[in-house]
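Enquirer: One structure coming up, written as structure tokens, with questions to follow.
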Amino acid sequence: MKQLNCQDIAVEESLSTWQKEVLEQFKAKMTDKNDLFPCIPATIGFSLNQLRYGFLKDSIKHNTVQELAKLLGNFTEHADEYGDYTSLIVFYDLPEEVKKTYTVEQYEQLFWQQLNELVEYDEIEWPNEIPREAQHPLWEFCFHGERYFVYCATPAHSNRNSRSFPTLMLAITPRWVFQKFNKTKHADKIIHQVRTRLQEYDTISRHPELRTYGDEDNFEWKQYFLRDENITLAKCPFHNKK
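Each residue of the sequence shown is one higher than the one before, starting from 0 at the first, in numbering that gives the first Met the number 0.
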């Protein structure tokens with residue numbers, strides 16, 4: 000499964016109906032002028048054509064992890080060529096029945112299952128400088144030697160519109176994207192705008208686990224999958240067996 004950018008997609012004749020549909024839905028979310036998507040860096044990445052897109056089968060009936068590993072491995076090798084706001088956006092082709100009936104908690108289990116199995120396909124050792132225990136404030140998900148923030152959106156989210164999408168979707172962003180952004184002169188102003196937008200975008204208050212990487216009271220795994228209420232799991236479901 001190859002990854003595509005917007006220019007590829009514009010001329011890609013092999014895209015299926017559902018692939019074209021989710022891309023249009025994603026575009027609508029990124030470009031809505033009346034309901035501004037909170038993550039401004041993501042909208043910048045979209046407008047600059049720096050995002051990359053991948054499509055996977057139904058993760059419930061098919062073993063999609065190996066394909067996800069190929070996508071993320073390829074992305075990792077070339078990400079620095081794509082631009083300072085790049086991310087890998089992954090869409091799953093879920094059955095309509097699943098999209099209608101699955102709860103946030105069921106998607107949460109599915110998400111962590113994907114990450115737990117994904118690390119088993121990693122051909123490069125976990126970076127020495129990153130703790131293996133998720134309860135450490137410097138822990139974050141790593142693959143192919145790269146550090147990543149993993150965002151998940153689902154059809155079951157309703158209060159938290161910032162985590163809502165018509166199918167299961169991942170946005171996987173290298174840590175260096177955040178590091179470069181934080182060094183820009185407008186970073187503080189944009190972060191303030193992001194928080195303001197989030198208050199207007201969601202019908203629930205900002206999740207208390209949305210903190211800053213590296214702070215002693217921050218745990219990245221708690222931000223990967225936010226529930227529709229301001230609660231979180233007591234223990235991280237990720238288990239690094241390698």
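Even glycine gets a Cβ: it sits at the ideal position worked out from N, Cα and C.
I want to know whether the stretch 193-207 touches the stretch 32-49 - three or more CB-CB distances under 8 Å.
Expert: Because the criterion of three Cβ pairs below 8 Å is met, the stretch 193-207 and the stretch 32-49 touch.
Enquirer: Is the stretch 107-127 close to the stretch 201-218, with three or more CB pairs under 8 Å?
Expert: Verdict: no, contact absent.
Enquirer: Could you tell me how far apart the beta carbons of Thr166 and Phe218 are, in whole angstroms, since I believe they sit closer than 8 Å?
Expert: About 27 Å separates the two Cβ atoms, so there is no contact after all.
Enquirer: To which residues does DSSP link Arg226 through a beta bridge?
Expert: Paired residue(s): none; Arg226 is not in a bridge.
Enquirer: Can you tell which of Tyr101, Trp175, Phe140 and Asn158 has its C-alpha closest to the C-alpha of Tyr150?
Expert: Tyr150 has its Cα closest to that of Phe140, out of Tyr101, Trp175, Phe140 and Asn158.
Enquirer: Is the stretch 81-90 touching the stretch 127-141, taking contact as three or more C-beta pairs under 8 Å?
Expert: These segments do not touch.
Enquirer: Can you give me the C-alpha to C-alpha distance between Pro207 and Gln178, rounded to a whole angstrom?
Expert: Answer to the nearest angstrom: the Cα atoms are 22 Å apart.
Enquirer: If you measure between the beta carbons of Leu50 and Thr75, is that distance less than 8 Å?
Expert: No; because the gap between Cβ atoms is not below 8 Å, this pair is not in contact.
Enquirer: Sorted by chain position, which residues of the same chain lie with C-beta nearer than 6 Å to Met168's C-beta, five sequence neighbours on each side aside?
Expert: Around Met168: Phe90 and Ala152.
Enquirer: Tell me whether the beta-carbon of Lys56 lies closer than 8 Å to the beta-carbon of Thr63.
Expert: In this structure, Thr63 lies closer than 8 Å to Lys56 by Cβ.
Enquirer: At what residues does the beta strand (DSSP E) containing Thr172 begin and finish?
Expert: Per DSSP, Thr172 belongs to the beta strand (DSSP E) from Met168 to Pro173.
Enquirer: Mind checking whether Phe259 and Ala155 have CB atoms under 8 Å apart?
Expert: Residue 259 cannot be examined here, being either before or after the span of the chain that is shown, 0 to 241.
Enquirer: Can you give me the C-alpha to C-alpha distance between Asp227 and Lys28, rounded to a whole angstrom?
Expert: Between Asp227 and Lys28, the C-alpha separation is close to 19 Å.
Enquirer: Which whole-angstrom value describes the C-beta separation of Gln2 and Asn73, a residue pair presumed to lie in contact below a C-beta threshold of 8 Å?
Expert: About 6 Å; that satisfies the 8 Å criterion.
Enquirer: In angstroms with no decimal places, state the Cα-to-Cα distance between Tyr223 and Phe148.
Expert: Looking at the two C-alpha atoms, the distance is approximately 7 Å.
Enquirer: Which residue spans inside the stretch 171-225 form an unbroken beta strand (DSSP E) run of at least 3?
Expert: Counting whole runs of 3 or more residues, the stretch 171-225 contains no beta strand (DSSP E) stretch at all.
Enquirer: Can you tell me whether DSSP reads Phe74 as helix, strand or coil?
Expert: If DSSP states are grouped into helix, strand and coil, Phe74 belongs with the helices.
Enquirer: How far does the alpha helix (DSSP H) with Gly44 in it extend, from its first residue to its last?
Expert: Start and end: Ile39 to Ser46.
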